[in-house]
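So for the sequence shown, my numbering puts the first residue at 95; every next one is plus one.
Since the structure comes first, as structure tokens, the remarks are kept for the end.
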Amino acid sequence: MTGSNETAYKERRHPRTKANVHYRQTKIIGQKYLVPNISLGGMRIFSNTHFKKGETVNIELSFSDGQKTIVLAKVAWVDAYPKDSDFIYEFGLEFIHVPPYIMDKLKSEMERALDH
Numbered sequence: 095m096t097g098s099n100e101t102a103y104k105e106r107r108h109p110r111t112k113a114n115v116h117y118r119q120t121k122i123i124g125q126k127y128l129v130p131n132i133s134l135g136g137m138r139i140f141s142n143t144h145f146k147k148g149e150t151v152n153i154e155l156s157f158s159d160g161q162k163t164i165v166l167a168k169v170a171w172v173d174a175y176p177k178d179s180d181f182i183y184e185f186g187l188e189f190i191h192v193p194p195y196i197m198d199k200l201k202s203e204m205e206r207a208l209d210h
């Protein structure tokens, strides 16, 4: 890590980054989307499906090497978007359960993104 990216990484308990990680809601078959920002503590996603604050959701994560996993997360916050946008909602998700080997993989993806 170099420069301001390294400083930002050290200032947050769980720094956010735009790592090359995609997501898909497990109950919905369809396209995967790039995670707008992700940290070791959670992530932000967009969806046309409404979730309530405090609700738990299963999210499939796909990494740059093709590996996939399902993580359990809690909805921390919800924002609505205008009707003319591609998505209706934006959510902040807090990870509840992520296997340790996936947490290591996520950390590697984030560090790789911060190095670029």
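Don't be surprised by glycine CBs; every beta carbon is placed ideally from N, CA and C.
Please classify residue i as buried or exposed, where buried requires at least 16 neighbouring CB atoms within 10 angstroms.
i, result
"Glu149", "exposed"
"Met137", "buried"
"Leu166", "exposed"
"Ser179", "exposed"
"Lys201", "exposed"
"Tyr175", "exposed"
"Tyr195", "exposed"
"Ser98", "Note on Ser98: pLDDT 42, under 50, position unreliable in the model; the coordinate value appears next. Exposed is the call here."
Looking at residue j and residue i, is the spacing between their C-beta atoms short of 9 Å?
i, j, result
"Glu188", "Lys162", "no"
"Gly186", "Ala170", "yes"
In three-state terms, what does DSSP make of residue i?
i, result
"Glu184", "strand"
"Thr96", "Reliability fails at Thr96, whose pLDDT of 41 lies under 50, so the model's placement of it is uncertain and no value is given."
"Thr101", "Residue placement at Thr101 is poorly supported in this model, since its pLDDT is 44, which falls under 50; the coordinates still yield a value, given next. Thr101 falls in the helix class under three-state DSSP."
"Asp173", "strand"
"Ser179", "coil"
"Ala113", "coil"
By Cβ distance, which residues of its chain are closer than 8 Å to residue i, with the 5 residues on each side in sequence left out?
i, result
"His144", "Val172, Ile182, Tyr183"
Excluding the 5 residues flanking residue i on each side, which residues of the same chain have their C-beta closer than 6 Å to its C-beta?
i, result
"Lys147", "Val169, Val172"
"Ile132", "Ala113, Val115"
"Thr96", "Residue placement at Thr96 cannot be trusted, given a pLDDT of 41 that sits under 50; the coordinates are not used to answer."
"Val129", "Val115, Tyr117, Met137"
Cutting at 7 Å between CB atoms, please list the residues of its own chain near residue i, excluding the five before and the five after it.
i, result
"Ile190", "Thr150, Leu166, Ala167, Lys168"
"Phe157", "Val115, Lys199, Glu203"
"Lys126", "His116, Tyr117, Arg118, Ser156"
"Ser141", "Gln119, Phe181, Tyr183, Phe185"
Using CA coordinates, which residue listed in the options is at the minimum distance from residue i?
i, options, result
"Ile153", "Asp209, Met197, Glu205, Thr120", "Thr120"
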